[in-house]
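*Asks:* By the count of the working numbering, the sequence shown reaches residue 92 at its end, each step adding exactly one. By construction, the Cβ of each residue, glycine as well, lies at the ideal position given by its N, Cα and C atoms.
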Amino acid sequence: MFANLLQWIVRRPPGTYEEAFVAEVQAVRPVPRNPRLEKLILLCWGLIAVKHVAVIWAVHHYAVPFHQLWINAPTFLLGLLATLAYYWRE
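(1) Verify whether the separation of the beta carbon atoms of residue 98 and residue 88 is less than 9 Å.
(2) Three or more beta-carbon pairs under 8 Å between the segment 72 to 79 and the segment 53 to 61, yes or no?
(3) List the whole-angstrom C-beta distance separating residue 95 from residue 43, where the pair is believed to meet the contact cut-off of C-beta under 8 Å.
(4) Judging by CA-CA distance, which residue of 32, 47 and 29 is the nearest neighbour of residue 81?
(5) Do you know how far the Cα of residue 57 is from the Cα of residue 45?
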């Protein structure tokens with residue numbers, strides 16, 4: 003009712019009425035995840051965990067003069083970055 007009143011007041015031509023509706027909708031399906039690649043990511047996280055344990059053991063066993071996080075932190079962050087890049091892809 004108010005739309006017709008507004009059209010009457012503004013004196014808009016009736017031809018633009020049809021242009022206000024959606025003409026076409028396109029839906030894009032997301033790319034399905036690859037189960038083989040997800041298993042590879044899980045395997046890589048397992049290898050990162052083994053490396054962390056090995057580095058912690060080596061630093062304590064051989065009395066290396068630096069903290070083990072100088073090696074473990076970049077490995078963890080790069081693995082996290084790669085994993086997030088896979089799961090947040092478009």
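*Replies:* Let me lay it out:
(1) A question about residue 98 goes unanswered here, because the residues of the chain that appear run from 3 up to 92.
(2) yes
(3) The requested residue 95 is not part of the displayed model; the chain covers only 3 to 92.
(4) 47
(5) 18 Å
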